[in-house]
Amino acid sequence: MKCPRCQASVQSEQITCSACGFSATLLHSYLGNQWVRLERITDAAHCLRLEDTRRIEIILDDFERSFPQAFFAIYLGALPNNFNVAELGFWLLNQGAFNTHSVSRRNDFGMVLVVDPSAQTASITLGYAMENFFSPKNITRMMQTIGSHLRKGAFGMAIESSCIRAGEVLRKHARYMQWQPDAAVPADSVSDIGLQPLRGGHRSASRPMPENPTLRS
Ligand SMILES: [Zn+2]
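Residues 31 to 247, numbered by my numbering, are exactly what the sequence shown covers, in order.
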């Protein structure tokens, strides 16, 4: 994968980037290392209009139907000066528990688009498994398109275009490879289909938290 600070290639199990000294530990020192719930759309900057959100939801539904083990999440917010959009994307993929109403997904198959509307910066972070499908050229083109929309203040369009493009890239690969839906989800994970395993005959009344995806950082 790429270092979120200097874009140098780093080994997934490597903790510190040898090129710039970035480390996940450093990121944890100001963002913490707790699990957070990662929603499909987090608009902390309040810059999406209702119709934008609705259109994006439809595109995301289509994306998730086409690639049942993958997810695409979007975060919009003004970031503090001490970290950038790529670093937040990296942290979200490592600490975010992404869950939809139907299937819990592994972050290896995740993509996170982080947009800082006030700084007009954006980044796309790919989970380890996703990296195999996107060439640097794919990402550059996506970022160019996102940038052209952001300059016009068209946040919804920036998100829509990137999600649609991501689907096109994945579809191209799916033609040549057998995509195995839910291969990453353990078969005995009955909570994925809305059932709670009976352990000790007692069930809690509240809905269980999604299982934390195991991730290397
Ligand atoms: Zn680095």
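Ideal Cβ positions, reconstructed from N, Cα and C, are used throughout, including at glycine.
- Relative to Glu190, the option among Glu81, Leu180, Arg85 whose CA is nearest is Arg85.
- Following the DSSP letters along the chain, one finds Ser153 inside the beta strand (DSSP E) bounded by residues 151–156.
- When DSSP reads this structure, Asp73 sits in a beta bridge with Leu106.
- Between Ala49 and Gln41, the alpha-carbon positions lie close to 12 angstroms from each other.
- Beta-bridge analysis with DSSP links Phe93 to no other residue.
- Taken atom to atom, the span from the alpha-carbon of Thr155 to that of Phe139 is near 11 angstroms.
- Per DSSP, reduced to three states, the secondary structure at Val115 is helical.
- Per the CB criterion, closer than 5 angstroms to any heavy atom of ligand 1, the qualifying residues run in chain order as Cys33, Arg35, Cys36, Ala38, Cys47, Ala49, Cys50, Phe52.
- Contact annotation: Asn124 and Ala38 have beta-carbon atoms that are not nearer than 8 angstroms.
- In chain order, Ser191 place their CB closer than 6 angstroms to the CB of Thr175, counting only its own chain and leaving out the 5 sequence neighbours on each side.
- Here Phe97 is not near Phe128, since their CB atoms are 8 angstroms or more apart.
- In this structure, Val144 is the residue among Val144, Ile88, Arg79, Cys33 with its C-alpha nearest to the C-alpha of Met172.
- An exposed status is given to Gln64, since fewer than 16 other beta-carbon atoms sit within 10 Å of its beta-carbon.
- Per the C-alpha coordinates, the member of Val115, Glu161, Val66, Arg136 positioned closest to Gln150 is Val115.
- At a Cβ-Cβ threshold of 8 angstroms, Glu117 and Arg35 count as neighbours.
- Here Lys182 carries a coil assignment [DSSP, helix/strand/coil].
- Counted as a single uninterrupted DSSP element, the beta strand (DSSP E) harbouring Leu143 occupies residues 140–146.
- Excluding its 5 nearest sequence neighbours in each direction, Met187 has C-beta neighbours in its own chain below 7 angstroms: His179, listed in chain order.
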